[in-house]
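Residue numbers (my numbering): 1 to 192. Think of the CB as a built atom: it goes at the ideal place given N, C-alpha and C, for glycine as much as any other residue. Predicted model, so just to flag it, every value in this text is computed and none were measured. Below is one structure, written out as structure tokens, with a few remarks after it.
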């Protein structure tokens, strides 16, 4: 059913989650189904669903390398074509959220960052000191993209270490070519 969101319950470890533990809420956060409280990050997820065109799945992780970049308060630079196959440019960093009304503030900062960077091309952001938020048109693609983001965060880290801290981002022509061949209007990557 449209206008409903399924989210994990607050404080339940992933390894203990059962399908019956998931919480179904409407777009105002009202519980429709489930006996547990929804994640405290629900307002952030709802902000994305309400304000980002085509957002059909949202994933928030504390994956190791992506979270390290968020904690360092640095965007993940686009250093190679693997990155460009999924994201058009660096993974941006949001502004710091306000501690008053914290989760709503994060949601506002995430949406602001997405829209400033172009929602059609910006499928992930880093919240400083917190971690990544990823979205796509459905949950499956969002999970895949979150996985890819973590791999790219690790690759960027190791590339910078190998280069003794020097960063050379991918040239614009290669960024465009790799992104557009997979996601552009004339995309020809994969089996269509």
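- At the C-beta level, residue 31 and residue 107 stay beyond 8 Å of one another.
- Nearest Cα to residue 154 within the set 135, 79 and 110: 79.
- Using a Cβ-Cβ distance cut-off of 8 Å, the segment 141-155 and the segment 62-78 are in contact, since at least three pairs of beta carbons, one from each stretch, lie closer than that value.
- Note that the C-beta distance between residue 40 and residue 140 is not below 8 Å.
- Under the three-state reduction of DSSP output, residue 58 falls in the strand class.
- The Cβ neighbour count for residue 138, taken over all protein chains shown within 10 Å, is under 16; the residue is labelled exposed.
- Assignment of alpha helix (DSSP H) within the segment 89-152, counting only whole runs of 4 or more residues, yields 102-117 in chain order.
- Per the C-alpha coordinates, the member of 189, 188, 2 and 173 positioned closest to residue 88 is 173.
- Assigned with DSSP and collapsed to three states, residue 35 falls in coil, not helix or strand.
- With a 10 Å radius around the Cβ and a threshold of 16 neighbouring Cβ atoms, residue 178 comes out buried.
- Segment contact: the segment 15-25 against the segment 111-124, fewer than three CB-CB distances shorter than 8 Å; contact not assigned.
- Per DSSP, reduced to three states, the secondary structure at residue 43 is helical.
- Cα atoms of residue 82 and residue 162: separation of roughly 17 Å, rounded to the nearest angstrom.
- Contact between residue 170 and residue 72 is absent: CB atoms are separated by about 20 Å, not below the 8 Å threshold.
- The C-beta distance from residue 134 to residue 59 rounds to 5 Å, short enough to fall under 8 Å.
- Buried is the label assigned to residue 90, since at least 16 other Cβ atoms lie within 10 Å of its Cβ.
- CA-CA distance, residue 125 to residue 35, rounds to 31 Å.
- If you compare the alpha carbons of 99, 62, 188 and 74 with that of residue 132, the shortest gap goes to 62.
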